[in-house]
Amino acid sequence: MLGHYLEQVRQRHPLIHNITNYVTVNDCANILLACGGSPIMADDPEDAVEITAICGGLNLNIGTLNQRTIPAMLAAGKRARELGHPVVLDPVGAGASRLRTETALRLTEEVGPTVIRGNISEIKTLASGTGTTRGVDADVADQVTEETLDGAVAFAKAFAQRVGAVVAITGAIDIVTDGARAFCIRNGHPMMSAITGSGCQLSALTAAFVTANPHDPLEATAAAVCAMGLCGEIAHRRLTDRDGNASYRNYIIDAMYRLTPTVLEEGAKYAVR
Amino acid sequence: MLGHYLEQVRQRHPLIHNITNYVTVNDCANILLACGGSPIMADDPEDAVEITAICGGLNLNIGTLNQRTIPAMLAAGKRARELGHPVVLDPVGAGASRLRTETALRLTEEVGPTVIRGNISEIKTLASGTGTTRGVDADVADQVTEETLDGAVAFAKAFAQRVGAVVAITGAIDIVTDGARAFCIRNGHPMMSAITGSGCQLSALTAAFVTANPHDPLEATAAAVCAMGLCGEIAHRRLTDRDGNASYRNYIIDAMYRLTPTVLEEGAKYAVR
Amino acid sequence: MLGHYLEQVRQRHPLIHNITNYVTVNDCANILLACGGSPIMADDPEDAVEITAICGGLNLNIGTLNQRTIPAMLAAGKRARELGHPVVLDPVGAGASRLRTETALRLTEEVGPTVIRGNISEIKTLASGTGTTRGVDADVADQVTEETLDGAVAFAKAFAQRVGAVVAITGAIDIVTDGARAFCIRNGHPMMSAITGSGCQLSALTAAFVTANPHDPLEATAAAVCAMGLCGEIAHRRLTDRDGNASYRNYIIDAMYRLTPTVLEEGAKYAVR
Chain A
32 MLGHYLEQVR QRHPLIHNIT NYVTVNDCAN ILLACGGSPI MADDPEDAVE ITAICGGLNL
92 NIGTLNQRTI PAMLAAGKRA RELGHPVVLD PVGAGASRLR TETALRLTEE VGPTVIRGNI
152 SEIKTLASGT GTTRGVDADV ADQVTEETLD GAVAFAKAFA QRVGAVVAIT GAIDIVTDGA
212 RAFCIRNGHP MMSAITGSGC QLSALTAAFV TANPHDPLEA TAAAVCAMGL CGEIAHRRLT
272 DRDGNASYRN YIIDAMYRLT PTVLEEGAKY AVR
Chain B
32 MLGHYLEQVR QRHPLIHNIT NYVTVNDCAN ILLACGGSPI MADDPEDAVE ITAICGGLNL
92 NIGTLNQRTI PAMLAAGKRA RELGHPVVLD PVGAGASRLR TETALRLTEE VGPTVIRGNI
152 SEIKTLASGT GTTRGVDADV ADQVTEETLD GAVAFAKAFA QRVGAVVAIT GAIDIVTDGA
212 RAFCIRNGHP MMSAITGSGC QLSALTAAFV TANPHDPLEA TAAAVCAMGL CGEIAHRRLT
272 DRDGNASYRN YIIDAMYRLT PTVLEEGAKY AVR
Chain C
32 MLGHYLEQVR QRHPLIHNIT NYVTVNDCAN ILLACGGSPI MADDPEDAVE ITAICGGLNL
92 NIGTLNQRTI PAMLAAGKRA RELGHPVVLD PVGAGASRLR TETALRLTEE VGPTVIRGNI
152 SEIKTLASGT GTTRGVDADV ADQVTEETLD GAVAFAKAFA QRVGAVVAIT GAIDIVTDGA
212 RAFCIRNGHP MMSAITGSGC QLSALTAAFV TANPHDPLEA TAAAVCAMGL CGEIAHRRLT
272 DRDGNASYRN YIIDAMYRLT PTVLEEGAKY AVR
């Protein structure tokens with residue numbers, strides 16, 4: 032089933048506007064091209080609103096937010112929603128500082144994202160309005176394991192219902208839910224945490240999938256999460272004993288470029304609850 | 032003939048100041064180093080004017096322009112021209128938003144670039160003062176093909192004459208003209224559109240070539256366009272069935288690092304009209 | 032002996048806050064992950080002070096400084112020192128413009144970095160309060176060679192004593208000194224100057240090493256410098272005749288990911304004076 036959503040991305044070439052951090056922006060652009068989408072970046076408030084109007088979807092990532100990009104994210108986010116475009120919010124580092132927490136909360140409330148994708152600590156911060164995050168990685172105490180999965184699914188569903196968005200909590204086990212159903216996804220490889228921006232790339236990818244599949248945001252998000260994890264697995268099998276995280280980054284994007292709907296269909300590992 | 036212009040770059044190591052977007056800035060720096068040039072980036076208005084003075088040439092790219100970088104581009108551009116430095120303008124996304132169109136027009140008028148390099152849609156926007164561009168890619172309707180080449184060459188020549196610059200319109204067939212003569216270049220590979228920033232890299236490269244060959248801006252620009260396309264061909268032959276756009280990006284820069292004047296001489300595919 | 036300092040990085044996973052340029056920021060993040068550290072970037076003044084408080088160390092790089100990031104660097108730097116966190120200063124381009132020179136001097140005086148790492152021209156600018164630098168590379172006239180080494184060591188020691196910091200001058204021969212002892216390091220490969228940001232990466236790496244080894248800033252810095260140079264050597268041996276500077280960049284980060292304390296121990300080439 033999930034292969035279909037990739038096929039739509041490859042056929043429709045969604046143009047995705049990204050207001051994102053400057054650490055991983057190049058990787059976000061290349062993963063969008065790899066999946067069949069097309070990236071554009073604009074973060075001056077005046078420019079961002081106009082650029083978003085010519086795009087199909089918007090990806091908001093607060094990774095290196097500042098006083099110029101925050102109003103750009105708010106204005107572009109509202110404009111995108113007026114136009115019926117899907118919006119993905121990546122609350123990078125929510126819980127790590129007041130500015131990040133408050134901005135993530137404001138974007139959630141004032142924009143009303145279609146999808147919110149983050150690690151468990153970031154999503155818990157959004158749900159509670161406060162939090163402590165160890166930088167941009169999830170707290171060990173928060174991590175979703177087989178033991179804590181039931182509780183995490185219940186938490187994710189409740190939060191998705193409350194905010195009216197698809198919520199994707201990614202980690203060792205990923206949870207994607209619209210409040211009614213939850214995909215529990217077991218693709219991916221632990222080494223993905225050794226490259227910068229695998230989460231940022233996934234958010235950009237999700238924007239492409241949701242934009243190309245406007246009637247199925249839940250399934251499209253689950254397909255993006257499975258696709259990213261599967262590419263992490265394929266890329267990992269390619270590593271030689273001299274390759275490290277830089278080559279791994281490249282191989283993941285390469286794998287996305289080569290990924291077919293059939294391979295995604297067969298490689299996706301998920302259960303729906 | 033074109034090999035000579037690369038040789039000059041490798042001998043003179045031109046120092047190029049880039050005010051460019053943060054999406055592809057790292058690739059621009061590495062392609063400049065690959066060709067034998069040296070990059071420096073400064074985009075605070077105060078800093079940019081001083082930095083441009085110690086450089087040999089300036090590359091202005093409006094990809095992620097904002098209220099800080101626009102005055103920096105104008106001020107550094109004017110200072111570079113006062114000093115007799117070549118200036119390359121890459122009007123990324125002109126036609127996609129008013130801010131981009133207006134900024135590209137202002138830079139064209141107030142700075143007077145030595146070379147303007149863009150896709151056909153961006154250059155048409157500059158020529159007409161208005162336009163509609165699908166993000167940062169050329170509109171399909173605008174694309175230069177064998178059928179539309181005559182008209183496109185005439186258009187490019189007229190625009191080059193009017194603005195007094197070398198104009199490089201890149202796409203499936205590239206046109207480089209100073210208003211009198213036009214190089215029609217058939218190097219490159221379609222997969223180059225699957226990596227972010229191949230155009231941005233070409234503009235940075237052009238700045239290095241024009242700076243190292245100050246008396247031959249037309250030929251130097253044509254050499255840069257041929258070199259980039261040829262590296263796209265060489266890199267494409269290196270791809271395995273597991274490589275995608277991330278490896279392709281690296282292989283293109285690698286190919287530029289290895290490119291010799293002789294290989295460029297023999298591999299350049301162009302006709303002059 | 033130096034292997035120990037890498038081991039500490041791998042065990043303690045220091046979280047490093049980077050206020051750095053947008054040219055090489057992705058490489059800085061990946062080299063930090065490669066060595067066992069964890070990166071976070073925040074450069075809005077309000078955000079930066081809070082983010083630095085949750086980190087273990089701070090890396091300040093003035094590469095593309097602007098009116099927003101300068102106050103962020105000053106404020107985060109002071110907060111980090113109040114908290115007893117190590118701070119690394121990379122004065123990229125000091126001597127190339129007044130803004131860079133003045134900012135580097137202010138950061139040196141007002142923050143009091145733990146380590147200052149730059150090329151010889153940048154450090155000479157800091158020492159004299161003025162200077163001329165050819166962009167971001169060292170002037171040929173300044174370069175440290177076997178002939179000029181004695182004088183350079185004496186200069187570095189005197190400067191280190193005056194500013195009360197570990198000073199790392201990197202080039203063909205690297206000098207790392209706390210004013211009393213000096214490590215003269217001969218790791219590395221000339222081709223490292225053909226990739227953008229090898230210096231920026233080293234500064235980020237140094238921050239991780241010094242943060243994980245808080246009582247030995249001199250040895251930790253020397254270990255970081257040896258590790259970076261050694262990875263440059265290992266990566267260079269891996270190059271094929273089609274590889275250039277893009278693959279070399281990736282291979283260096285890969286080598287850091289694979290580097291073991293034993294390999295560092297055996298490969299480090301240094302003498303202490």
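Going down the list, the protein sequences come from chains A, B and C. Just add 31 to wherever you are in the first sequence, counting from 1, and you've got my numbering. Just add 31 to wherever you are in the second sequence, counting from 1, and you've got my numbering. Just add 31 to wherever you are in the third sequence, counting from 1, and you've got my numbering. Beta carbons are placed, not taken as given, at the ideal position from N, Cα and C, and that holds for glycine.
{"query": "I believe LEU105(A) touches LEU138(A) by the beta-carbon criterion, under 8 Å. Please report the beta-carbon distance rounded to the nearest angstrom.", "result": "7 Å"}
{"query": "Tell me the rounded alpha-carbon separation between VAL56(C) and SER229(C).", "result": "11 Å"}
{"query": "Does the region 123-142 of chain B come within contact of the region 249-260 of chain B, defined as at least 3 CB pairs closer than 8 Å?", "result": "no"}
{"query": "Can you tell me whether TYR53(C) is helix, strand or coil according to DSSP?", "result": "coil"}
{"query": "According to DSSP, is VAL207(C) part of a helix, a strand, or is it coil?", "result": "strand"}
{"query": "Does any residue of chain D have a CB that is nearer than 8 Å to the CB of ASP181(B)?", "result": "Note that chain D does not occur in the displayed structure, where the protein chains are A, B and C."}
{"query": "Out of THR134(C), LEU46(C) and GLY68(C), point me to the one whose CA is closest to THR94(C)'s CA.", "result": "Checking the sequence shown, residue 94(C) turns out to be Gly, not Thr. Answer by Cα proximity: THR134(C)."}
{"query": "Please return the same chain residues whose Cβ sits closer than 7 Å to the Cβ of MET223(C), not counting the five positions on each side in sequence.", "result": "SER229 and GLY263"}
{"query": "Would you grab the beta carbon distance between GLY275(B) and TYR288(A) for me? Rounded to a whole angstrom, and I think it's under 8 Å.", "result": "3 Å"}
{"query": "From the beta carbon of MET287(B), is the nearest beta carbon of chain C less than 8 Å away?", "result": "yes"}
{"query": "One question on the structure: do PHE214(C) and VAL303(C) come within less than 8 Å of each other, judged by their Cβ atoms?", "result": "yes"}
{"query": "May I have a chain-ordered list of the alpha helix (DSSP H) segments no shorter than 4 residues that lie completely inside the region 174-241 of chain A?", "result": "180-194"}
{"query": "Only counting runs of 3 or more residues, tell me where the beta strand (DSSP E) segments fall wholly within the region 110-173 of chain A, in order along the chain.", "result": "118-121 and 146-149"}
{"query": "Tell me which residues share the same chain as ARG43(B) and place their Cβ nearer than 7 Å to its Cβ, disregarding the 5 neighbours each side in the sequence.", "result": "ALA243"}
{"query": "Starting from ARG268(B), find everything on chain A with Cβ-Cβ shorter than 8 Å and list it in chain order.", "result": "None at all; the shortest Cβ gap to chain A is about 16 Å."}
{"query": "Where ALA169(B) and ASP75(A) are concerned, what is the direct C-alpha to C-alpha distance, given to the nearest angstrom?", "result": "22 Å"}
{"query": "Of all the residues that make up the region 103-137 of chain B, which are near chain A by a beta-carbon distance shorter than 8 Å?", "result": "GLY124, ALA127, SER128, ARG129, LEU130 and ARG131"}
{"query": "What residues in the region 214-237 of chain C bring their beta carbon closer than 9 Å to a beta carbon of chain B?", "result": "SER224, ALA225, ILE226, THR227 and GLY228"}
{"query": "DSSP three-state label for HIS44(B), please.", "result": "coil"}
{"query": "If you follow the alpha helix (DSSP H) that MET32(C) is in, where does it begin and where does it stop?", "result": "Unbroken run through MET32(C): none, as it is neither H nor E."}
{"query": "Using a 10 Å radius around the Cβ and a threshold of 16 neighbouring Cβ atoms, would you call HIS116(B) buried or exposed?", "result": "buried"}
{"query": "Once DSSP output is grouped into helix, strand and coil, what is the label at ILE93(A)?", "result": "coil"}
{"query": "Under 9 Å Cβ-Cβ, which residues of chain C neighbour VAL241(B)?", "result": "Here the premise fails: no neighbours, minimum Cβ distance about 18 Å."}
{"query": "Could you tell me whether the region 59-69 of chain B touches the region 60-79 of chain C, where touching means 3 or more Cβ pairs closer than 8 Å?", "result": "no"}
{"query": "Could you please give me the residues that DSSP links to VAL303(B) through a beta bridge?", "result": "PHE214(B)"}
{"query": "At a CB distance below 7 Å, what residues from the region 60-74 of chain C approach chain A? Give them in sequence order.", "result": "ALA60, ASN61, LEU64, ALA65, SER69, PRO70, ILE71, MET72, ALA73 and ASP74"}
{"query": "Do you know whose CA, among ARG131(C), GLY298(C) and GLU113(C), lies nearest ASP121(C)'s CA?", "result": "ARG131(C)"}
{"query": "So, VAL256(B) versus VAL198(B), is the Cβ gap smaller than 8 Å?", "result": "no"}
{"query": "Report yes if the CB atom of PRO70(A) is closer than 8 Å to the CB atom of ILE85(A), and no otherwise.", "result": "no"}
{"query": "Report the three-state DSSP secondary structure of GLY298(B) (helix, strand or coil).", "result": "helix"}
{"query": "With DSSP collapsed to three states, give me the class of PRO70(B).", "result": "strand"}
{"query": "For THR100(C), I'd like the list of residues in its chain whose CB is within less than 7 Å of its CB, leaving aside the five on either flank, ordered along the chain.", "result": "ILE50 and ASP74"}
{"query": "Let me know if THR271(B) comes out buried or exposed under the rule of 16 or more other beta-carbons within 10 Å of its beta-carbon.", "result": "exposed"}
{"query": "So the alpha helix (DSSP H) LEU290(A) belongs to, where does it begin and stop?", "result": "Where LEU290(A) is concerned, there is no enclosing alpha helix (DSSP H), given that its DSSP letter is neither H nor E."}
{"query": "Work out the CA separation of ALA239(B) and GLU178(C) for me, nearest whole Å.", "result": "34 Å"}
{"query": "Could you round the C-beta distance between ASN150(C) and GLY68(C) to whole angstroms and report it? I think they count as a contact, below 8 Å.", "result": "Not a contact, Cβ separation roughly 23 Å."}
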